[in-house]
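Just below is one structure, and these are the notes that go with it.
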Amino acid sequence: MEHDFIKKGKVIIIVEILEYVPNSVVIKTIIKKTTGSVTAVSFDSGEALSSKVSPFDTFIQIIEGKAEIIIDGISNSLETGQSIIIPANCNNTLKANVRFKMISTVIKSGYEEFI
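Here it is in structure tokens:
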């Protein structure tokens with residue numbers, strides 16, 4: 001899947017090309033393959049992604065601002081440059097008490113041995 005705002009082989013700064021939209025969460029897929037995905041997301045202040053459970057580990061890196069990431073009821077406060085791994089099969093919620101931008105990476109391969 002090709003994306004107009006990401007050119008392969010070209011240097012980009014995600015935090016500069018991912019905009020904030022008032023009262024919204026903006027999601028831009030950078031790479032999407034059957035084996036996983038990399039997504040850039042911006043959250044306006046007060047926005048959240050509903051509680052969900054993924055069958056895969058998810059690596060979250062905050063690239064601007066501050067985020068609240070709740071994993072199985074435990075709140076984690078992350079700032080620019082900090083990261084966390086949301087374990088597979090855990091209930092999680094992402095909240096923006098102040099606006100922030102993040103990169104989410106999901107690797108789907110390697111789980112076959114557990115199925």
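One point on numbering: in the numbering used here, the residue at position 58 of the sequence shown is 58, and numbering is uninterrupted. Positions of the beta carbon are idealized from the N, C-alpha and C atoms, including for glycine.
Could you compute how far the alpha carbon of residue i sits from the alpha carbon of residue j?
i     : j     : result
Phe59 : Ala88 : 10 Å
Ser75 : Ile85 : 13 Å
Pro55 : Ser24 : 26 Å
Measuring CA to CA, which of the options is closest to residue i?
i      : options                        : result
Val137 : Ile103, Thr93, Ser42 and Thr35 : No answer is possible for residue 137: the residues shown for the chain start at 1 and end at 115.
Leu78  : Ile71, Ile85 and Lys66         : Lys66
Gly127 : Ile103, Leu94 and Asn92        : Residue 127 lies beyond the stretch modelled for the chain, which goes from 1 to 115, so this question has no answer here.
Val106 : Gly36, Ile74, Ala48 and Ala40  : Gly36
Lys10  : Glu19, Ile30, Asn23 and Pro22  : Ile30
Is residue j closer than 7 Å to residue i when the C-beta atoms are compared?
i      : j     : result
Val98  : Ser50 : no
Val53  : Asn91 : yes
Lys101 : Glu68 : no
The alpha helix (DSSP H) spanning residue i covers which residue range?
i     : result
Ile17 : Ile14 to Ile17
Which residues mark the beginning and the end of the beta strand (DSSP E) in which residue i is found?
i      : result
Phe43  : Gly36 to Phe43
Val106 : Phe100 to Ile107
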